[in-house]
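Read the structure below first, then the notes.
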Amino acid sequence: MIRTATPADVPALHAMVCELADYEKALDEVRATEEQLHEALFGERPAAFAHIAETDAGETAGFALWFLNFSTWRGVHGIYLEDLYVRPEARGGGHGKALLAELARICVARGYERLEWSVLDWNTPSIDFYESLGARPQDEWTVYRLTDGALAELGSGSGSGSR
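Residue numbers in the sequence shown follow this note's numbering, run continuously in steps of one, and reach 309 at the last position.
This is the structure:
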């Protein structure tokens, strides 16, 4: 079963974020608190959305956390899937596919034309799974990111900012 997350799901969501980070060998990079997650999902101006996958017994099996993006070329919103995670003991039960299918359903219903996400290049099981659904890598694009000191420096006006 796939359902929209509720405020009561925040502790489980936070735990699964940590589990995912551990799997991706980056647990030490998790700074988000349950309070921050609650505010992002259920605050006055939600910036993200989440869906929960449950087992037949009602156990939390996984989640998808996403937000809207926008394509200037297509002129419409899309969904950017920030995290998709299924707990190891629930893998193979169709939860990941069901979560992605729910996001695809939302895209179709709302007229969004893209469902996008990133995957670590070493995560072969996930890559194989995504490709089995018809997803294709965007090999011509490279992701860039500003964080921490570089972000602060550029944002403060003390960074070079242009060449």
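Glycine included, every Cβ here is placed at the ideal spot set by N, Cα and C. Just so it is clear, the structure is predicted and the values come from calculations on it, not from any experiment.
In DSSP terms, what residue i is bridged to
i: Phe213; result: Tyr226
i: Glu165; result: Bridge partners of Glu165: none, in fact.
i: Val156; result: According to DSSP, Val156 bridges with nothing at all.
i: Val232; result: Gly208
Three-state class that DSSP yields for residue i in the structure shown
i: Leu245; result: helix
i: Leu259; result: Residue identity differs from the one stated: residue 259 is Glu in this sequence, not Leu. In the structure shown, Glu259 sits in coil (DSSP, three-state: anything other than H, G, I, E or B).
i: Thr150; result: strand
i: Ala250; result: helix
i: Val289; result: coil
i: Ala172; result: coil
i: Ala178; result: coil
i: Gly303; result: coil
i: Ala196; result: strand
When the options are compared against residue i, the one with the closest alpha-carbon
i: Ala236; options: Val254, Ser217, Ile198 and Leu279; result: Ile198
i: Asp294; options: Ala154, Arg177 and Leu173; result: Arg177
i: Thr150; options: Ser304, Trp212 and Gly257; result: Trp212
i: Arg233; options: Thr152, His160, Pro153 and Ala154; result: His160
i: Asp202; options: Asp274, His241 and Val289; result: His241
Rounded Cβ spacing between residue i and residue j (contact assumed at less than 8 Å)
i: Ala193; j: Phe209; result: No, Ala193 and Phe209 are not in contact; Cβ-Cβ is about 16 Å, not under 8 Å.
i: Leu253; j: Leu261; result: Correcting the residue type first, residue 253 is Cys in the shown sequence and not Leu. Right, their Cβ atoms sit about 5 Å apart.
i: Leu230; j: Trp263; result: 7 Å
(message) Three or more C-beta pairs under 8 Å: does that hold for the segment 213-228 against the segment 164-172?
(response) no
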